[in-house]
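> Just so you know, the protein sequences line up as chains L and H, in that order. This note's numbering puts the first residue of the first sequence at 1, with every later residue one more than the last. This note's numbering puts the first residue of the second sequence at 348, with every later residue one more than the last. For every residue, glycine included, the Cβ atom is placed at its ideal position computed from N, Cα and C. Since this is a predicted model, take the numbers as computed values, not measurements.
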Amino acid sequence: MSSNPLPANSSRLGGCTLTGAISVTSHVRDTVTVVHGPKGCSHHNVSLLHASWLEDDRAVLPELLSSGLSEKDVIFGGEEALRRTIGVAATKEGVRAVLVLSTCVVGSIGDDVTSVCSEEYGVPVVPISSAGFLGGTFQDGMNNALVALAGTASPCDTNRSVNIIGEMNLEYEVEENYREVERLLALLNLPVNIRFVHNTGWEELSRLGAAELNILRGPALVPVGEYLKERFDTPFIASFPQGLSGTLSFVREVAAFFGIDGQAALREECRRQEEMLDQFSDLRRVPVSLERVHSGEDELLAAEELAAALDLVMGTPGTCAKLPVNAAVGTSGTKRMLHRWRRAVHA
Amino acid sequence: MPECDNPLWPCAMTGAAACLAGFDGLAVVIHGSSGCYYYPMTLLHAPLHGTFILEDDVIFGSEDRLMEVIGSLSGTGKKIAVITTCVPALLGEDIRSMLADHDVILVDSPGFAGDVETGYQKALAMLDPRTDPAAPGVNIDGACLFDPFAAGNVQEVRRLLGMVSVPVATVFSSDLLGRVYHAAPFTIGTNADFPSGVGDYLGGMLGFGAIRETFARLGDSFGNADCTPVFSELEQQEERVVRACDKFLRRYDPPSAAIFAGCSYALFAAEALHTYLDAEICCIGTRNTPCESRFPVEETSSLSRVRDLIVSHNPDLVIGSSFERSLHERGGFAGIIPPLRGRVKIYPAPLAGINGMLSFMESVLNTCMDTKP
Numbered sequence: 001m002s003s004n005p006l007p008a009n010s011s012r013l014g015g016c017t018l019t020g021a022i023s024v025t026s027h028v029r030d031t032v033t034v035v036h037g038p039k040g041c042s043h044h045n046v047s048l049l050h051a052s053w054l055e056d057d058r059a060v061l062p063e064l065l066s067s068g069l070s071e072k073d074v075i076f077g078g079e080e081a082l083r084r085t086i087g088v089a090a091t092k093e094g095v096r097a098v099l100v101l102s103t104c105v106v107g108s109i110g111d112d113v114t115s116v117c118s119e120e121y122g123v124p125v126v127p128i129s130s131a132g133f134l135g136g137t138f139q140d141g142m143n144n145a146l147v148a149l150a151g152t153a154s155p156c157d158t159n160r161s162v163n164i165i166g167e168m169n170l171e172y173e174v175e176e177n178y179r180e181v182e183r184l185l186a187l188l189n190l191p192v193n194i195r196f197v198h199n200t201g202w203e204e205l206s207r208l209g210a211a212e213l214n215i216l217r218g219p220a221l222v223p224v225g226e227y228l229k230e231r232f233d234t235p236f237i238a239s240f241p242q243g244l245s246g247t248l249s250f251v252r253e254v255a256a257f258f259g260i261d262g263q264a265a266l267r268e269e270c271r272r273q274e275e276m277l278d279q280f281s282d283l284r285r286v287p288v289s290l291e292r293v294h295s296g297e298d299e300l301l302a303a304e305e306l307a308a309a310l311d312l313v314m315g316t317p318g319t320c321a322k323l324p325v326n327a328a329v330g331t332s333g334t335k336r337m338l339h340r341w342r343r344a345v346h347a
Numbered sequence: 348m349p350e351c352d353n354p355l356w357p358c359a360m361t362g363a364a365a366c367l368a369g370f371d372g373l374a375v376v377i378h379g380s381s382g383c384y385y386y387p388m389t390l391l392h393a394p395l396h397g398t399f400i401l402e403d404d405v406i407f408g409s410e411d412r413l414m415e416v417i418g419s420l421s422g423t424g425k426k427i428a429v430i431t432t433c434v435p436a437l438l439g440e441d442i443r444s445m446l447a448d449h450d451v452i453l454v455d456s457p458g459f460a461g462d463v464e465t466g467y468q469k470a471l472a473m474l475d476p477r478t479d480p481a482a483p484g485v486n487i488d489g490a491c492l493f494d495p496f497a498a499g500n501v502q503e504v505r506r507l508l509g510m511v512s513v514p515v516a517t518v519f520s521s522d523l524l525g526r527v528y529h530a531a532p533f534t535i536g537t538n539a540d541f542p543s544g545v546g547d548y549l550g551g552m553l554g555f556g557a558i559r560e561t562f563a564r565l566g567d568s569f570g571n572a573d574c575t576p577v578f579s580e581l582e583q584q585e586e587r588v589v590r591a592c593d594k595f596l597r598r599y600d601p602p603s604a605a606i607f608a609g610c611s612y613a614l615f616a617a618e619a620l621h622t623y624l625d626a627e628i629c630c631i632g633t634r635n636t637p638c639e640s641r642f643p644v645e646e647t648s649s650l651s652r653v654r655d656l657i658v659s660h661n662p663d664l665v666i667g668s669s670f671e672r673s674l675h676e677r678g679g680f681a682g683i684i685p686p687l688r689g690r691v692k693i694y695p696a697p698l699a700g701i702n703g704m705l706s707f708m709e710s711v712l713n714t715c716m717d718t719k720p
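Quick look at the structure:
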């Protein structure tokens, strides 16, 4: 990206709250997401979701309804367009709720979205703060949507289960990452209560308070974890596990929380990791460097630990294979990254 | 009905970016937020710059940020073009005055101003293209970065012009910026939805009939051009299409087809299917303003309307984008407009020219045979 963003201005690259919020709301089944703004804003996101869902082998597109603000609405106000659009959404067949997102255009012209949403439409209408870049970043939009949806659920009886909070639904390997966490939980005989949210039905959201532990996808979701703790008294673990020791620590932490003897699970996971490292022993002593530019601190630490476990030799960048570094979730994610490392060594 | 479910066509800002980013020698700046920047960046696969404005820029004015980005680009030797997005357009700042001391092209093309074609036209007009009576050859227009067939179209038209020894002048919009101001007096088109309006239009290159007519005019306009090689290849390749389609019809009924595209590509597809396969054209849904046609046509810009048309006509074949394919999973499909997700596309296939027609009919015949019981 040749945008010349100065380091001090790195927040400028945070993306759009609308996209962040849509990445959540589009995964709530039986609802329609209304995007209050020009059609172009919705198209951008429809196109993005379409691409991401096809990668996920899901052909069906989410329901996004744009209020289609025109130049005239921008001048005279768009509240009537929003009212009409919510009305259309609410009467669609099978719709249990309408989730309303706004755009930076609406934030600029000052429409009172909350007031329009508070009117009677026959189904719940949930306004979600998402005024494009005026509302913050992609992550803010995601967090706002999760908090708004959590606000529709009430505290309920708990059972011995775990919620998965804030999966990155636009992430290419979102399903694989979920399955890895589900596998690790299964080592401790713990079921998943709900995925909040990933292809989740509107009615399922009422079970949000039933889990005894929330596992967040990443630390950026801590504000959501704190909200859920306050609303449902559910504690949280701040991130999916990353890397070799991170995965073992995760199993240990979850076992300790539930008062489970996790030794058998840990032995099983250690054996799995050793077998995996044996499969990649051909990489031993190969000179490499790590791709650091777009990598987070935790990802790099996990990658460095992995490189040490494989006895790779850190060489001078530019003179040896550059290994891609990504957030490798669990042992399975680490194994997929190792295949990419082997590919980088070969080509 | 202004509200629209799952809008299928990009906004004017994206169209302006698609036009300007096609010219080498222009540094294109999207004056807006990162959200507005990312979409054209991922769609167009071209270098774009952004101001990435924040809330503070809205409150206190965006001039400093705009000047910061323009200043950083001023040493690159490229002319700078600034495209306004929705919020800067709403702020009421006098961006033209801000830029008065800089040699910058300003394109006021916010998303709410219209669709991709509107923005493309606005941007091209702001470049102020001019013809040069002394410029040799013929211009090619209709090449828009937004169109996945644009590169293939230009390659194919270059090949055909090479066969008749007519040089290519300016390609709109895929050329050196300087050539915009020295365009030839004649132009041929690859996609009439993105016209340049520059020079005398000799015709389009979509379909064998159009190619034949265009090259006939080209021969008349360029006295020394011998178009025989193109006419000869046209004859040979049309015969191949006829044979392939005839073989299909010996075994199968003609397909019924629903077509969704911009006007230009939609009509090309309809005429080709009707002419060579005797296909029934159930409906044409145009993403942009409908054009006149002997087939039933309506503007269709939302996914629900596309779904209604497909369900009500239940066609054997759907032509469109991967949006349409997602609604017609088990039937035949050929993709001619973006987005074309879920398929690897590396080779620059054309729709225009002789090879464009061959490529289109090949994909249609294969998908029709693949989906026959």
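Is there a Cβ of chain H sitting closer than 8 Å to that of residue 38 (chain L), yes or no?
By one-based count along the first sequence, residue 38 (chain L) stands at place 38. Yes, because at least one Cβ of chain H sits closer than 8 Å to the Cβ of residue 38 (chain L).
> Pick helix, strand or coil for residue 8 (chain L), following the three-state DSSP scheme.
In the first sequence, the residue the question calls residue 8 (chain L) occupies position 8. Caution applies to residue 8 (chain L), whose pLDDT of 44 falls short of 50 and renders its modelled position unreliable; the value that the coordinates give is listed next. DSSP places residue 8 (chain L) in helix when its eight states are reduced to three.
> Tell me where the beta strand (DSSP E) around residue 195 (chain L) begins and ends.
Numbered from 1 along the first sequence, position 195 holds the residue referred to as residue 195 (chain L). Counting along the chain, the beta strand (DSSP E) containing residue 195 (chain L) begins and ends at 192 to 196.
> Anyone know if the C-beta pair for residue 388 (chain H) and residue 432 (chain H) falls short of 8 Å?
Position 41 of the second sequence holds residue 388 (chain H). Position 85 of the second sequence holds residue 432 (chain H). Not closer than 8 Å, so no.
> Tell me, please, which residues DSSP counts as bridged to residue 43 (chain L).
As a working note, residue 43 (chain L) is residue 43 in the first sequence. For residue 43 (chain L), which the question treats as bridged, DSSP gives no partner whatsoever.
> For residue 617 (chain H), which residues from the same chain have a beta carbon less than 8 Å from its beta carbon, with the 5 sequence-adjacent residues on both sides left out?
Taking the second sequence and counting its residues from 1, one reaches residue 617 (chain H) at position 270. Cβ neighbours of residue 617 (chain H) beyond the five flanking positions: 604, 606, 628, 631, 640 and 642.
> DSSP three-state label for residue 1 (chain L), please.
One-based indexing of the first sequence puts residue 1 (chain L) at position 1. Confidence at residue 1 (chain L) is low in this model, with a pLDDT of 38, below 50, so the placement of that residue should be treated as unreliable; the coordinate-derived value is given next. Note: residue 1 (chain L) maps to coil in three-state DSSP.
> For residue 300 (chain L), I'd like the list of residues in its chain whose CB is within less than 7 Å of its CB, leaving aside the five on either flank, ordered along the chain.
Residue mapping note: residue 300 (chain L) aligns to position 300 of the first sequence, counting from 1. Correct list, in chain order: 290, 292 and 325.
> Taking the alpha carbon of residue 257 (chain L) as the point to measure from, which residue in L:237, L:273, L:271 and L:276 has its own alpha carbon closest?
Working through the first sequence from its first residue, we reach residue 257 (chain L) at position 257. The shortest C-alpha separation from residue 257 (chain L) is found at L:237.
> Give, in chain order, every unbroken run of the beta strand (DSSP E) that is at least 3 residues long and sits entirely within the segment 196 to 277 of chain L.
Fully enclosed beta strand (DSSP E) runs of 3 or longer: 213 to 216.
> To which residues does DSSP link residue 31 (chain L) through a beta bridge?
Taking the first residue of the first sequence as 1, we reach residue 31 (chain L) at position 31. According to DSSP, which records beta bridges pairwise, residue 31 (chain L) is partnered with L:97.
> Please determine, among H:644, H:648 and H:592, the residue with the shortest C-alpha to C-alpha distance to residue 624 (chain H).
Locating residue 624 (chain H) in the second sequence gives position 277, where the first residue counts as 1. The option with the nearest alpha carbon to residue 624 (chain H) is H:592.
> Which residue comes first and which comes last in the alpha helix (DSSP H) that contains residue 121 (chain L)?
For the purposes of this step, residue 121 (chain L) is taken as the residue at position 121 of the first sequence. That residue, residue 121 (chain L), is in no alpha helix (DSSP H); it is neither H nor E in DSSP.
> Count the other CB atoms, across all protein chains shown, that sit within 10 Å of the CB of residue 347 (chain L); report buried if there are 16 or more and exposed otherwise.
Residue mapping note: residue 347 (chain L) aligns to position 347 of the first sequence, counting from 1. Exposed, because fewer than 16 other Cβ atoms sit within 10 Å of the Cβ of residue 347 (chain L).
> Does residue 491 (chain H) have its Cβ less than 8 Å from a Cβ in chain L?
By 1-based counting over the second sequence, the position of residue 491 (chain H) is 144. Cβ-Cβ to chain L under 8 Å: no for residue 491 (chain H).
> Please state the DSSP three-state secondary structure of residue 354 (chain H).
Locating residue 354 (chain H) in the second sequence gives position 7, counting from the first residue. Correct three-state label for residue 354 (chain H): strand.
> In the DSSP assignment, the beta strand (DSSP E) including residue 733 (chain H) goes from what residue to what residue?
Residue 733 (chain H) is absent from the model: chain H starts at 348 and stops at 720.
> Could you pull out every residue in the same chain whose Cβ sits closer than 6 Å to the Cβ of residue 8 (chain L), ignoring the five residues on either side in sequence?
Residue numbering aside, residue 8 (chain L) sits at position 8 when the first sequence is read from its first letter. Per-residue confidence for residue 8 (chain L) stands at a pLDDT of 44, beneath the threshold of 50, marking its modelled position as unreliable; the derived number appears in the next sentence. Cβ within range, chain order: n/a, list empty.
> First and last residue of the beta strand (DSSP E) that includes residue 287 (chain L)?
Working through the first sequence from its first residue, we reach residue 287 (chain L) at position 287. Run containing residue 287 (chain L): 287 to 290, per the beta strand (DSSP E) assignment.
> Going by alpha carbons, who is nearest to residue 207 (chain L) out of L:152, L:185, L:187 and L:188?
Here the question's residue 207 (chain L) lines up with position 207 in the first sequence. It is L:152 whose Cα lies nearest to the Cα of residue 207 (chain L).
> So which residues on chain H does residue 51 (chain L) lean against when the C-beta distance must stay under 9 Å?
One-based indexing of the first sequence puts residue 51 (chain L) at position 51. Simply 389, 669, 686, 688 and 689.
> Along the segment 448 to 466 of chain H, what residues have a CB closer than 7 Å to any CB found in chain L?
Listed by position along the chain: 458, 459 and 460.
> Among residues of its own chain, excluding the 5 on either side of residue 674 (chain H), which ones have a beta-carbon nearer than 8 Å to its beta-carbon?
Walking along the second sequence from the start, residue 674 (chain H) turns up at place 327. Correct list, in chain order: 650, 653, 654, 657 and 665.
> Whole alpha helix (DSSP H) runs in the segment 428 to 472 of chain H with 4 or more residues, listed along the chain?
The qualifying runs are 433 to 438 and 442 to 445.
> Can you tell me whether DSSP reads residue 486 (chain H) as helix, strand or coil?
As a working note, residue 486 (chain H) is residue 139 in the second sequence. Reduced to three states, the DSSP call for residue 486 (chain H) is strand.
> I want to see whether chain H comes within less than 8 Å of residue 71 (chain L), judged by CB atoms only; does it?
Counted from its first residue, the first sequence places residue 71 (chain L) at position 71. Closer than 8 Å to some Cβ of chain H, the Cβ of residue 71 (chain L) qualifies, so yes.
> Within 10 Å of its beta-carbon, does residue 547 (chain H) have 16 or more other beta-carbons around it, so buried, or fewer, so exposed?
In the second sequence, the residue the question calls residue 547 (chain H) occupies position 200. Burial call: exposed.
> Quick test of the definition: if touching needs 3 or more C-beta pairs under 8 Å, does the segment 105 to 115 of chain L touch the segment 69 to 83 of chain L?
Enough Cβ pairs lie closer than 8 Å, so yes.
> What residue from L:192, L:98 and L:330 has the CA that sits closest to residue 242 (chain L)'s CA?
Working through the first sequence from its first residue, we reach residue 242 (chain L) at position 242. The residue with the shortest Cα to Cα distance from residue 242 (chain L) is L:330.
> Taking residue 707 (chain H) as the query, report the chain L residues whose CB atoms sit under 9 Å from its CB, ordered along the chain.
To locate residue 707 (chain H), count along the second sequence from 1; it is residue 360. What residue 707 (chain H) touches in chain L: nothing, since even the nearest Cβ is about 23 Å away.
> Start and end of the beta strand (DSSP E) containing residue 693 (chain H)?
Taking the second sequence and counting its residues from 1, one reaches residue 693 (chain H) at position 346. Note, residue 693 (chain H): premise wrong, no beta strand (DSSP E); not H, not E.
> Could you tell me the distance, in whole angstroms, from the CA atom of residue 684 (chain H) to the CA atom of residue 494 (chain H)?
As a working note, residue 684 (chain H) is residue 337 in the second sequence. As a working note, residue 494 (chain H) is residue 147 in the second sequence. Approximately 7 Å between the Cα atoms of the pair.
> Mind pulling the chain L residues with CB within less than 8 Å of residue 421 (chain H)?
Within the second sequence, residue 421 (chain H) is the residue found at index 74, counting from 1. Within 8 Å Cβ-Cβ: nothing; residue 421 (chain H) doesn't reach chain L, min ~11 Å.
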